[in-house]
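Chemist: In mature numbering (1 follows the signal peptide of the UniProt record, and there is no 0), the protein residues as written are -17 to -1, 1 to 627. All C-beta atoms, glycine included, are put in the ideal place defined by N, C-alpha and C. Source: prediction; values computed, not measured. Below are the structure tokens for one structure; questions will follow.
Listed below in structure tokens is the structure:
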């Protein structure tokens, strides 16, 4: 009795008790107005808690816009065109565009498109449905590729995978072509394969060496790459090979690669390229990149470099050697630094000339001719690694720890010291060459790091475990929504050119504000249709709040949140947030919805990440995605974006 007394007196909504077990609800997710009347939750064996369910109605500001751009309660195509130009900032919107929007709504049978002497018109309900519909996204992917694609490959951020064949963790998961296919279908343009001899030493398998991962045949991976390489984008796919083969097996790989890819395989005319070709010139081409194999190049690699020392981070703890994770990405998604360390894959050092000569002598000639992007790490530390050779270009790989360490220790003042032949450090190096960053060895759960650490320093290939999930991977997916989702994003000019006084972009410097982004979170809907009705709470509707913030250079990073709306499947927040951005070119807008839980960890309700440079101004329907990055069928937010 005490329990039921407290339940009655403390409940935020009026309660009714009924012996009936059915919920009386409307379940049409396409309806512009939710007509769900009530919903019951089981409290005890014979009692149920009943709630009135909210109706999705246009917020007051939306009503205000409708009244301003309509006449006698009707919005004609001409009225809508004015709204598109003045509020949505679509300056080139035509009357035909407005009419096409109205026509697209007419296909939804339950909507009432009104006809009068001026033609088809929208009422408030259909106007609201238009704004909250799929035809009004925050990023217009239909525009396709908008950036110049004729610059060298080194001028682009490239959607890059790490250990692309793994289905799960780095130690014991299966190897398969399935995650490779999934990555290519998402638009990933760099696929990594570790190739090893099979148990009989007469064939080639793909697996994570010295672990319990089960292998997959190389030929199966190659065939899947060919079949799916250009389903999401026509721009080139780079296959980075971690080669652990003898020359006779390399010859077999060359035969497999040549026969599988045929004419779409890009083979350079010379051993080393003087400049990388452009993505445009390499459309629908496959590119091979590799470095000297460890197992059969021991003569070219000093023994201490193979075994590791404190310089490459294999004996020192992560926190002691490389510093902590970026603060705003700390948490489960950042990985466990106490996990068992695996061998870092790219720590071998070699003399740039001697190593290449030995490499080429040991390689099967057929295999050598396939390599378009040469990779390797010279001995002599970072000074040698970052030297720019005007006669050839190459790929350099650094672990996330190495990049963080160098960026932390060698700010621009140290970079400019006399011992550097080239005072422009990463930025100048990455104008001509390709810098690849890969996850540290302790990420055995296939977690990821903050990709901004690479992008801020001009790294083109920020390699990620695409089979995982978490905030870092959401940022990666968000960045490559840019440029039509083609997998290549042009780097900002400040990473491609030095300043008037030969200065380098410093992401930690205090810079003036370039633009201010205002984000008003109106409301959200769709959870009622995409989740079980007791998914968030067994005894009441969910209590949603939204987190909104910026990922980017340190000065721009911030995270804020709305108030919590209790017991409502259609929360209305109507809160505005303002973000002053010093480097909007690298800024990503983060949106996350969570359900507040007083006694346990808050429940996840959806997320998305949007590149600020691609966001369309105006009122937009923002679809949300699950933890793995898959878009929900119905869950979305209604948001007003404004740049000032």
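Pick helix, strand or coil for residue 388, following the three-state DSSP scheme.
Modeler: Looking at residue 388 - three-state DSSP - the assignment turns out to be helix.
Chemist: Since I believe residue 150 is in contact with residue 450 (beta carbons under 8 Å), could you give me their beta-carbon distance rounded to a whole number of angstroms?
Modeler: With a Cβ gap of about 6 Å, residue 450 and residue 150 count as contacting.
Chemist: Sort 59, 84, 110 by Cα distance to residue 45 and report the nearest one.
Modeler: For the residues 59, 84, 110, the minimum Cα distance to residue 45 belongs to 110.
Chemist: Thinking C-beta only, is residue 573 closer than 8 Å to residue 592?
Modeler: Going by C-beta atoms, residue 592 is nearer than 8 Å to residue 573.
Chemist: Tell me whether the beta-carbon of residue 414 lies closer than 8 Å to the beta-carbon of residue 147.
Modeler: Contact: no.
Chemist: Report yes or no: do the stretch 504 to 518 and the stretch 160 to 169 share at least 3 C-beta pairs separated by less than 8 Å?
Modeler: Contact between the stretch 504 to 518 and the stretch 160 to 169 is absent, because fewer than three Cβ pairs lie under 8 Å.
Chemist: Following the continuous alpha helix (DSSP H) through residue 208, name the residue where it begins and the one where it ends.
Modeler: First-last of the alpha helix (DSSP H) with residue 208: 201 to 211.
Chemist: Does the pairing of the stretch 60 to 70 with the stretch 520 to 529 give three or more beta-carbon distances under 8 Å?
Modeler: No: fewer than three Cβ pairs fall under 8 Å.
Chemist: Taking its Cβ as the centre, do 16 or more other Cβ atoms sit within 10 Å of residue 51, making it buried, or is it exposed?
Modeler: Flag for residue 51 reads exposed.
Chemist: State yes or no: is the C-beta of residue 196 nearer than 7 Å to some heavy atom of the ligand GTP?
Modeler: The ligand GTP is absent from the structure shown, which contains no ligand whatsoever.
Chemist: By a C-beta neighbour count over all protein chains shown, 10 Å radius and 16 as the cutoff for buried, is residue 626 buried or exposed?
Modeler: With fewer than 16 Cβ atoms within 10 Å of its Cβ, residue 626 is classed as exposed.
Chemist: Suppose you measure from the CA of residue 526 to the CA of residue 553; what does that come to, to the nearest Å?
Modeler: Cα to Cα, the separation comes out at about 10 Å.
Chemist: Would you call the CB atoms of residue 144 and residue 173 closer than 8 Å?
Modeler: In this structure, residue 173 lies closer than 8 Å to residue 144 by Cβ.
Chemist: On the CB-based measure, 16 or more other CB atoms within 10 Å of its CB, does residue 638 come out buried or exposed?
Modeler: Outside the displayed range of the chain (-17 to 627) lies residue 638, so it cannot be described from this structure.
Chemist: Along the chain, where does the alpha helix (DSSP H) containing residue 365 start, and where does it finish?
Modeler: Note, residue 365: alpha helix (DSSP H), 365 to 368.
Chemist: Report the option in 158, 140, 233, 152 whose CA atom is closest to the CA atom of residue 659.
Modeler: Given a span of -17 to 627 for the chain in the structure shown, any question on residue 659 remains unanswerable.
Chemist: Any chance the stretch 581 to 590 sits against the stretch 598 to 618, with 3 or more Cβ pairs inside 8 Å?
Modeler: Cβ pair count under 8 Å is three or more, so yes.
Chemist: Quick one, are the C-beta atoms of residue 638 and residue 386 less than 8 Å apart?
Modeler: Here the chain covers residues -17 to 627 and nothing more, so residue 638 does not appear.
Chemist: Give me whichever residues DSSP pairs with residue 527 in a beta bridge.
Modeler: DSSP, once it has assigned bridges, lists 548, 578 as partnering residue 527.
Chemist: Could you spell out the range, first to last residue, of the alpha helix (DSSP H) harbouring residue 241?
Modeler: Residues 230 to 244.
Chemist: Taking the DSSP output, what are the residues bridged to residue 465?
Modeler: BP columns for residue 465 are empty, so no partner.
Chemist: When we look at the beta-carbon of residue 38 and count the other beta-carbons within 10 Å, is it buried (16 or more) or exposed?
Modeler: Classification of residue 38: exposed, given that the 10 Å Cβ count is below 16.
Chemist: Measure the CB-CB distance between residue 177 and residue 225 and report whether it falls below 8 Å.
Modeler: In contact: residue 177 and residue 225 (Cβ atoms closer than 8 Å).
Chemist: Nearest by alpha-carbon distance to residue 489: which of 441, 551, 430, 602 is it?
Modeler: Per the Cα distances, 441.
Chemist: Just to confirm before moving on: does the CB-CB distance between residue 600 and residue 71 stay below 8 Å?
Modeler: Yes.
Chemist: Can you grab the Cα-Cα spacing for the pair residue 576 / residue 459, in whole Å?
Modeler: When rounded, the distance between both Cα atoms is 19 Å.
Chemist: Within the stretch 140 to 178, note down every full alpha helix (DSSP H) run reaching 4 residues or more, in order along the chain.
Modeler: Segments of the alpha helix (DSSP H) lying fully in the stretch 140 to 178: 161 to 169.
Chemist: Figure out for me which residue from 353, 194, 204 has the closest Cα to the Cα of residue 251.
Modeler: Looking at the Cα atoms, 353 is the closest of the given residues.
Chemist: Could you pull the DSSP bridge partners for residue 590 from this structure?
Modeler: According to DSSP, residue 590 bridges with 575, 608.
Chemist: Among the residues of its own chain, which have a CB less than 6 Å from the CB of residue 617, if the five just before and after it don't count?
Modeler: Cβ neighbours of residue 617 beyond the five flanking positions: 12, 509, 512, 513.
Chemist: Just to confirm the assignment, what range does the beta strand (DSSP E) spanning residue 35 have?
Modeler: Run containing residue 35: 31 to 35, per the beta strand (DSSP E) assignment.
Chemist: Which partner residues of residue 447 appear in the DSSP bridge assignment?
Modeler: According to DSSP, residue 447 bridges with 144.
Chemist: So, for residue 544: in the same chain, excluding its five sequence neighbours on each side, which residues have a beta-carbon less than 8 Å away from its beta-carbon?
Modeler: Closer than 8 Å at the Cβ level, and outside the excluded window around residue 544, lie 528, 529, 530, 531.
Chemist: Suppose contacts are defined by Cβ-Cβ distances below 8 Å. Is residue 257 in contact with residue 187 by that definition?
Modeler: No, the Cβ-Cβ distance between residue 257 and residue 187 is not below 8 Å.
Chemist: Please list the terminal residues of the continuous alpha helix (DSSP H) segment that includes residue 436.
Modeler: Segment 435 to 438, the alpha helix (DSSP H) holding residue 436.
Chemist: According to the neighbour-count rule (16 or more other Cβ atoms, all chains shown, within 10 Å of its Cβ), is residue 546 buried or exposed?
Modeler: Exposed: under 16 other Cβ atoms inside 10 Å.
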